[in-house]
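Going by the numbering used here, the first residue of the sequence shown is number 905, and it counts up by one from there.
Notes to accompany the following structure.
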Amino acid sequence: MNKYIVNRDTQGIVWFTINRPEKWNAIDYDVMDGLLQTITEVEKNEDDRVFVITGAGQKAFCSGGDLSVFQNLQTVEEAYKMLSKMGMILYKLATLSKPTIALLNGLAIGGGCELATACDYRLASRGSRFGFVQGKQGITTGWGGASLLLERISIDKAYHLLMTGDINSAEDGKEIGFIQHVLSDDDLKRNCEEIIANEFLHTTKVVKAYKKVVIRKWLATGLKERMLEEIEECSALWVTDEHLEAVRKIMRKE
């Protein structure tokens, strides 16, 4: 079974589906590579207008990094190599010249929240929940997600999400501006298509021009560098006893 599925429709929407429902759509190296390849293709392909990321099934959008794979990272250097790889994929996603959407079809926690934060828009089913739970595992956001979050919502609200590690409802996310639309669960794909049809009325050239305005701001404020500094801090925490014990507890439950 393919770990991810890429579909292109006649409206110019590219659908990237993490296809690991048995793993709560966790990200491993194969999914990373597929995501990077697809982002690169979407950037180059003039017929691709909008990029949507979602998860297979109805339980999870993405549960973050696959600990059954990443538990083997035992040194700061090993952790940094993995974390920076995904972090720079998220930076590439955030700076893509075309609109990007995270379609939350279930639970989005940890790195799954970071993936969603890298997108321009977050649409969620009513039953979706999300949480930056990394702190409860003895680490910080490892893919640059905190830096990205501070670009999406106000500092006080971002700080609360990061510090508490609470899991929130889609409605809570909309109230604080993290989620733009809460959709009915009956046909998420169709509802997402309607949002795209109603909100992305401009030509591709206009969208690219507006996106450049945002990217110029991020270049001026050193977003990429801030993300990499954040990743360095997480790499150091990755090998602490607190995090390693948290990982062992999680693995024993699986």
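C-beta: ideal position from N, C-alpha, C; glycine also.
Because the structure is a prediction, the values reported are computed rather than measured.
- prompt: Can Ala1028 and Thr1004 be called in contact, C-beta distance under 9 Å?
  reply: By one-based count along the sequence shown, residue 1028 stands at place 124. By one-based count along the sequence shown, residue 1004 stands at place 100. Note that the C-beta distance between Ala1028 and Thr1004 is not below 9 Å.
- prompt: If you drop the 5 nearest sequence neighbours on each side, which residues of the same chain put their C-beta closer than 6 Å to that of Ser988?
  reply: As a position in the sequence shown, residue 988 is number 84, starting the count at 1. Same-chain partners within the cutoff: Ile1135.
- request: From the DSSP output, read off the bridge partner residues of Arg912.
  value: By 1-based counting over the sequence shown, the position of residue 912 is 8. Beta-bridge pairing links Arg912 to Val918.
- request: Quick one: give me the first and last residue of the alpha helix (DSSP H) that Val1086 is part of.
  value: Sequence index remark: in the sequence shown, residue 1086 carries index 182 (1-based). That residue, Val1086, is in no alpha helix (DSSP H); its beta strand (DSSP E) goes His1085 to Leu1087.
Inter-residue spacing [alpha-carbon to alpha-carbon] between Gly1039 and Thr914: Taking the sequence shown and counting its residues from 1, the one referred to as residue 1039 is at position 135. Taking the sequence shown and counting its residues from 1, the one referred to as residue 914 is at position 10. Answer to the nearest angstrom: the Cα atoms are 42 Å apart.
- prompt: Looking at the structure shown, is Phe1036 part of a helix, part of a strand, or coil, going by DSSP?
  reply: Looking up residue 1036 in the sequence shown gives position 132. The answer is coil: DSSP assigns Phe1036 none of H, G, I, E or B.
- prompt: Thinking just about the alpha-carbon of each residue, which of Thr1107, Ala960 and Asn949 is nearest to the one in Lys1093?
  reply: The residue you call residue 1093 lines up with position 189 of the sequence shown. Of the candidates Thr1107, Ala960 and Asn949, the one whose C-alpha sits nearest the C-alpha of Lys1093 is Ala960.
query: Considering only C-alpha positions, which residue in the set Ile922, Met1067 and Val1151 is nearest to Met936?
result: Taking the first residue of the sequence shown as 1, we reach residue 936 at position 32. Selected option, being the one with the closest Cα: Ile922.
contact_flag[the region 922-934, the region 948-967] where n(CB pairs < 8 Å) is 3 or more: Contact holds: three or more Cβ-Cβ distances are below 8 Å.
- prompt: Tell me, which residues are paired with Ser1073 by DSSP?
  reply: What you label residue 1073 is simply residue 169 of the sequence shown in a count that begins at 1. DSSP, once it has assigned bridges, lists Arg1033 as partnering Ser1073.
message: So Val1037 and Gly1069 are supposed to be a Cβ contact under 8 Å. How far apart are they, rounded?
response: The count along the sequence shown starts at 1 and reaches residue 1037 at position 133. The count along the sequence shown starts at 1 and reaches residue 1069 at position 165. Confirmed, about 5 Å.
query: Since Thr958 is in the beta strand (DSSP E), which residue starts that stretch and which ends it?
result: If you number the sequence shown from 1, residue 958 lands on position 54. Val954 to Gly959 is the span of the beta strand (DSSP E), which, as asked, contains Thr958.
query: Do Ala897 and Trp1122 have their C-beta atoms within less than 9 Å of each other?
result: Since the first and last residues shown for the chain are 905 and 1158, residue 897 lies out of range.
message: Please identify the residue among Arg1026, Arg1030, Gln975 and Val1118 whose C-alpha is closest to the C-alpha of Gln1041.
response: Taking the first residue of the sequence shown as position 1, residue 1041 is located at position 137. That would be Gln975, whose Cα lies nearest to the Cα of Gln1041.
- prompt: Can you list, in chain order, the residues of its chain whose CB lies under 6 Å from that of Ala1150, leaving out five sequence neighbours each side?
  reply: Mapped onto the sequence shown, residue 1150 falls at position 246. Hits under 6 Å: Gln1041 and Gly1042.
- request: Could you tell me which residues DSSP pairs with Leu1132 in its beta bridges?
  value: Within the sequence shown, residue 1132 is the residue found at index 228, counting from 1. Per DSSP, none; premise fails for Leu1132.
query: For the candidate residues Tyr995, Ala1012, Asp970 and Val973, whose alpha-carbon lies nearest to that of Leu940?
result: In the sequence shown, counting from the first residue as 1, residue 940 sits at position 36. Here the closest residue by C-alpha is Tyr995.
field: Residue of Arg924, Tyr984 and Ile1057 minimising C-alpha distance to Lys907
entry: As a first step, residue 907 is located in the sequence shown; it is residue number 3 there, counting from the start. Per the Cα distances, Arg924.
field: Separation of Gly1035 from Ile1080, as counted between CA atoms
entry: Translated into positions along the sequence shown, residue 1080 becomes position 176. Translated into positions along the sequence shown, residue 1035 becomes position 131. When rounded, the distance between both Cα atoms is 13 Å.
- prompt: Using the C-alpha atoms, what's the distance from Lys1078 back to Gly1014?
  reply: To locate residue 1014, count along the sequence shown from 1; it is residue 110. To locate residue 1078, count along the sequence shown from 1; it is residue 174. Near 18 Å, if we compare the C-alpha coordinates of Lys1078 and Gly1014.
- prompt: Within 10 angstroms of its Cβ, does Asn949 collect 16 or more other Cβ (buried), or is it exposed?
  reply: For the purposes of this step, residue 949 is identified with residue 45 of the sequence shown, where counting begins at 1. Exposed, because fewer than 16 other Cβ atoms sit within 10 Å of the Cβ of Asn949.
Sheet register partners of Ile1013 (DSSP bridge): By 1-based counting over the sequence shown, the position of residue 1013 is 109. Beta-bridge pairing links Ile1013 to Gly1035.
query: What's the call for Arg1026, buried or exposed, on a 16-neighbour Cβ count within 10 Å?
result: Taking the sequence shown and counting its residues from 1, one reaches residue 1026 at position 122. So Arg1026 counts as buried.
query: Skipping 5 residues on each side, what residues in its chain have a beta carbon closer than 8 Å to that of Phe1104?
result: Working through the sequence shown from its first residue, we reach residue 1104 at position 200. Taken in chain order, the residues that qualify are Arg953, Val954, Pro1003 and Val1111.
task: Quick one: residues in its chain with C-beta nearer than 8 Å to the C-beta of Ile943, no 5 flanking neighbours on either side, listed in chain order?
output: Residue numbering aside, residue 943 sits at position 39 when the sequence shown is read from its first letter. Excluding residues within five positions, the ones whose Cβ falls inside 8 Å are Phe955, Ile993, Lys996, Leu997 and Leu1000.
task: Sort out for me which residues DSSP pairs Cys966 with in a bridge.
output: On the sequence shown, position 62 is the one that residue 966 refers to. The partner list for Cys966 (beta bridge, DSSP) reads Ala1012.
- request: Closer than 7 Å by C-beta to Ile1099: which residues in its own chain qualify, once you throw out the five before and the five after it? Chain order, please.
  value: As a working note, residue 1099 is residue 195 in the sequence shown. Contacts found: Leu1027 and His1085.
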